[in-house]
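Residues 46 to 140 (the working numbering) make up the sequence shown, in order.
Idealized CB from N, CA, C, for every residue including glycine.
In this text, all values refer to a predicted model and were calculated from it rather than measured experimentally.
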Amino acid sequence: MFVLLLILIAVLFGFGFLHPIWWVAAAVLAYGATRHGRDRGGGRSRGGGSDLGDYRNPRDYRERRDRQDRWDRRYTRQNWARRRREDRRDHEHHR
């Protein structure tokens, strides 16, 4: 299917030398194909849906979630003193 799509895009591009509207058609087809591939899971989405779907196993998900929690704790400004104490405790436990 992908090969046929590439051939069609190449043919439309070739027809573009006869009339420029074919170049537009080839560009639209290429854009539509890339968007369709991303919607079907070809690329990683940034928002929406479950984060667990982006990972192969639950351990990867938990590691990412823990990294995100540490990042949020470190770089948000709310409860600064509490976070500083927690970070100090965490640091002491990991020594």
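Kindly indicate the opening and closing residues of the alpha helix (DSSP H) around residue i.
{"i": "P103", "result": "103-120"}
So residue i and residue j are in contact, right, with Cβ under 8 Å, and what is the actual spacing, rounded?
{"i": "L74", "j": "I54", "result": "6 Å"}
{"i": "L50", "j": "A71", "result": "Their Cβ separation, rounded to whole angstroms, is 11 Å, which puts L50 and A71 out of contact at 8 Å."}
{"i": "W68", "j": "G61", "result": "4 Å"}
{"i": "R143", "j": "R130", "result": "The requested residue 143 does not occur in the structure, where the chain is confined to residues 46 to 140."}
Using three-state DSSP, classify residue i as helix, strand or coil.
{"i": "L63", "result": "coil"}
By how many angstroms is the C-alpha of residue j removed from the C-alpha of residue i?
{"i": "I66", "j": "V48", "result": "23 Å"}
{"i": "R104", "j": "L63", "result": "56 Å"}
{"i": "D132", "j": "D111", "result": "14 Å"}
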